[in-house]
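Engineer: Sharing a structure with you now.
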Amino acid sequence: MKIALVHDYIKEFGGAERVLKVLSEIYPDAPIYTAFCVKGSTAEREFAERKIIESSFAPILKIWKLYSPLRFLIPVIWRSFDLSKYDLVITSSSWYVTRGFKVGKNTKVIDYCHTPPRWLYGYETSVGFTRFWPVKIYAAIVGHFIRIFDFKTAQGVDYFIANSKNVQERIKKFYRRDSTVIYPPCDVEKIINLTKDVKKENFFLIASRLTGAKGIEEAIRLSKKIGFKLKIVGEGAGYSDIERNNKRSLQDKMSCKSEVEFLGRLNDEEHYKTYAKAKGFIALAKDEDFGMTLVEAQAAGTPVIAFNGGGFKESVINNETGVLIDEISEKSLKEAINKVNNVNWNKEKLISSARKFSKEKFVREIKLFVKNHA
Numbered sequence: 413m414k415i416a417l418v419h420d421y422i423k424e425f426g427g428a429e430r431v432l433k434v435l436s437e438i439y440p441d442a443p444i445y446t447a448f449c450v451k452g453s454t455a456e457r458e459f460a461e462r463k464i465i466e467s468s469f470a471p472i473l474k475i476w477k478l479y480s481p482l483r484f485l486i487p488v489i490w491r492s493f494d495l496s497k498y499d500l501v502i503t504s505s506s507w508y509v510t511r512g513f514k515v516g517k518n519t520k521v522i523d524y525c526h527t528p529p530r531w532l533y534g535y536e537t538s539v540g541f542t543r544f545w546p547v548k549i550y551a552a553i554v555g556h557f558i559r560i561f562d563f564k565t566a567q568g569v570d571y572f573i574a575n576s577k578n579v580q581e582r583i584k585k586f587y588r589r590d591s592t593v594i595y596p597p598c599d600v601e602k603i604i605n606l607t608k609d610v611k612k613e614n615f616f617l618i619a620s621r622l623t624g625a626k627g628i629e630e631a632i633r634l635s636k637k638i639g640f641k642l643k644i645v646g647e648g649a650g651y652s653d654i655e656r657n658n659k660r661s662l663q664d665k666m667s668c669k670s671e672v673e674f675l676g677r678l679n680d681e682e683h684y685k686t687y688a689k690a691k692g693f694i695a696l697a698k699d700e701d702f703g704m705t706l707v708e709a710q711a712a713g714t715p716v717i718a719f720n721g722g723g724f725k726e727s728v729i730n731n732e733t734g735v736l737i738d739e740i741s742e743k744s745l746k747e748a749i750n751k752v753n754n755v756n757w758n759k760e761k762l763i764s765s766a767r768k769f770s771k772e773k774f775v776r777e778i779k780l781f782v783k784n785h786a
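Shown next as structure tokens:
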């Protein structure tokens with residue numbers, strides 16, 4: 413079969429890009445079609461050996477991060493691609509829709525959906541751009557037409573794959589389509605091998621893109637009140653400037669009982685060993701699509717403190733691989749931290765839970781799905 417991959421855009425390297433990378437390993441000859449690719453970015457470096465085909469709008473979209481303000485161009489961006497020569501197109505879709513391209517009468521389209529675009533359907537977004545009323549009006553007008561496009565193009569997909577049961581429910585709600593859940597690929601065995609001899613240290617960890625809707629600022633605020641050491645791994649994305657804003661607020665050491673350290677983006681080995689060193693992993697996003705980092709933490713033998721919502725409920729077993737909290741408050745987080753500190757967590761149970769979301773399982777399930785449906 414002639415196969416093509418389609419992805420929102422190539423810029424930051426996050427969970428969606430990890431999925432795309434494994435798909436590109438399964439189908440190494442498949443080119444990657446994308447709205448734009450930022451040269452020298454973390455994601456571009458990861459796909460340096462792959463053939464990447466940008467849209468004709470790419471030069472405009474990359475100027476001053478105009479891909480966000482110019483989101484009204486989403487329909488024409490994807491319609492500019494002619495993929496009719498391919499037998500199978502696998503899309504990796506999220507906030508930029510990633511559908512609407514031309515296909516042949518015999519082309520099968522499989523959509524691996526990380527989530528229907530959060531900004532279109534009322535979910536908290538990474539930037540919170542609608543807090544300014546002119547932008548709110550603009551987003552409401554543009555969003556109306558993009559929702560129509562999003563729904564219409566969703567009906568042209570042959571098969572949907574959801575990255576979690578949480579996203580499966582959204583696909584049913586917004587697209588009225590059934591889907592199959594195949595969890596994202598976590599490099600569990602690699603993490604286990606790299607971290608088996610790592611000793612615990614006295615800090616808690618967050619690993620995430622430094623954007624809104626991830627609970628990072630809430631965790632920093634509560635670390636000041638409760639007084640625990642917090643390390644944060646990840647790079648900024650979009651218009652977010654969490655690192656700079658919080659470093660400024662943390663300069664007054666006299667008013668801060670905690671120690672917060674931004675580690676930036678780490679290579680995989682450093683990243684995985686940092687998971688293993690942490691006493692606990694913190695994830696406070698209120699409605700995360702899935703959350704691969706929670707699985708990675710468990711694979712490294714580290715229990716998780718997570719908000720009891722969204723995809724987190726699918727990867728954390730309460731009181732066995734972590735603690736799920738029902739509210740993000742000083743009281744609830746303090747109780748969870750005390751529990752993490754005082755419980756003798758079973759590393760084998762943590763690893764066994766993580767293995768349910770392994771890269772090897774993802775590869776098997778994707779190959780079987782394509783074999784049965786393409």
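For the sequence shown, the numbering used here assigns the number 413 to the initial residue and increments by one for each residue that follows. Yeah, the Cβ is synthetic: ideal placement off N, Cα and C, and Gly gets one too.
Do three or more CB pairs link the segment 599-612 to the segment 579-588 at distances below 8 Å?
Structural biologist: no
Engineer: Measuring straight from C-alpha to C-alpha, what distance separates L696 and K497?
Structural biologist: 44 Å
Engineer: May I ask you to list the residues that DSSP assigns as paired with Y571?
Structural biologist: I522
Engineer: Taking only the alpha-carbon atoms, compute the straight-line gap between I475 and S453 and give it to the nearest angstrom.
Structural biologist: 14 Å
Engineer: State the Cα-Cα distance for the pair F702 and A574, rounded to the nearest angstrom.
Structural biologist: 10 Å
Engineer: Measuring straight from C-alpha to C-alpha, what distance separates V521 and T503?
Structural biologist: 8 Å
Engineer: Can you check DSSP and say which residues form a bridge with S505?
Structural biologist: C525
Engineer: For the alpha helix (DSSP H) holding A748, just list the boundary residues, first then last.
Structural biologist: For A748, the enclosing alpha helix (DSSP H) covers residues 742-754.
Engineer: Please look up how many angstroms separate the CB atoms of C525 and F572, rounded, as I've assumed it's under 8 Å.
Structural biologist: Contact holds; Cβ gap of about 6 Å.
Engineer: Taking N731 as the reference, which of T714, G723, K626 has the closest Cα?
Structural biologist: If you compare the alpha carbons of T714, G723, K626 with that of N731, the shortest gap goes to T714.
Engineer: Buried or exposed, going by whether 16 or more other CB atoms sit within 10 Å of the CB of K783?
Structural biologist: exposed
Engineer: For the beta strand (DSSP E) that contains V672, what are its first and last residues?
Structural biologist: 671-676
Engineer: Distance check for K626 and K751, CA to CA, integer angstroms please.
Structural biologist: 23 Å
Engineer: Are three or more beta carbon pairs between the segment 671-679 and the segment 732-749 nearer than 8 Å?
Structural biologist: no
Engineer: Going residue by residue through the segment 672-707, where are the continuous alpha helix (DSSP H) segments of at least 4 residues, counting only ones entirely within it?
Structural biologist: 680-689
Engineer: Around the C-beta of M787, are 16 or more other C-beta atoms found within 10 angstroms, so that it is buried, or is it exposed?
Structural biologist: Outside the shown range of the chain, which is 413 to 786, sits residue 787, and nothing can be said about it.
Engineer: Rounded to whole angstroms, what's the CA-CA distance from E424 to E647? Just pull it up for me.
Structural biologist: 8 Å
Engineer: Would you check if there are 3 or more beta carbon pairs closer than 8 Å linking the segment 678-697 to the segment 509-519?
Structural biologist: no
Engineer: Using only CA atoms, which one of D494, I628, F448 lies nearest to K477?
Structural biologist: F448
Engineer: Please state the DSSP three-state secondary structure of T607.
Structural biologist: helix
Engineer: Quick check on this structure: which residue in I717, R767, K771, V775 has the alpha carbon closest to the alpha carbon of E747?
Structural biologist: I717
Engineer: My assumption, with CB atoms under 8 Å, is that E438 sits in contact with K779. Please give the rounded CB distance.
Structural biologist: Per the sequence shown, residue 438 should be read as Ile rather than Glu. Between K779 and I438 the Cβ distance is about 7 Å, and since that is below 8 Å, they are a contact.
Engineer: Using the C-alpha atoms, what's the distance from Y687 back to V645?
Structural biologist: 10 Å
Engineer: Under a Cβ-count criterion, where at least 16 other Cβ atoms within 10 Å of its own Cβ denotes burial, should R776 be classed as buried or exposed?
Structural biologist: exposed
Engineer: Nearest CA to the CA of K451: which residue from G723, D441, I465, A442?
Structural biologist: I465
Engineer: With DSSP as the reference, label V418 as helix, strand or coil.
Structural biologist: strand
Engineer: If you run the structure through DSSP and keep just helix, strand and coil, what is G555?
Structural biologist: helix
Engineer: State the DSSP-derived secondary structure class of G639, mapped to helix, strand or coil.
Structural biologist: coil
Engineer: With 16 other CB atoms within 10 Å as the buried threshold, where does P596 fall?
Structural biologist: P596 comes out buried.
Engineer: Taking its Cβ as the centre, do 16 or more other Cβ atoms sit within 10 Å of Q580, making it buried, or is it exposed?
Structural biologist: So Q580 ends up on the buried side.
Engineer: Please list the terminal residues of the continuous beta strand (DSSP E) segment that includes S591.
Structural biologist: 591-593
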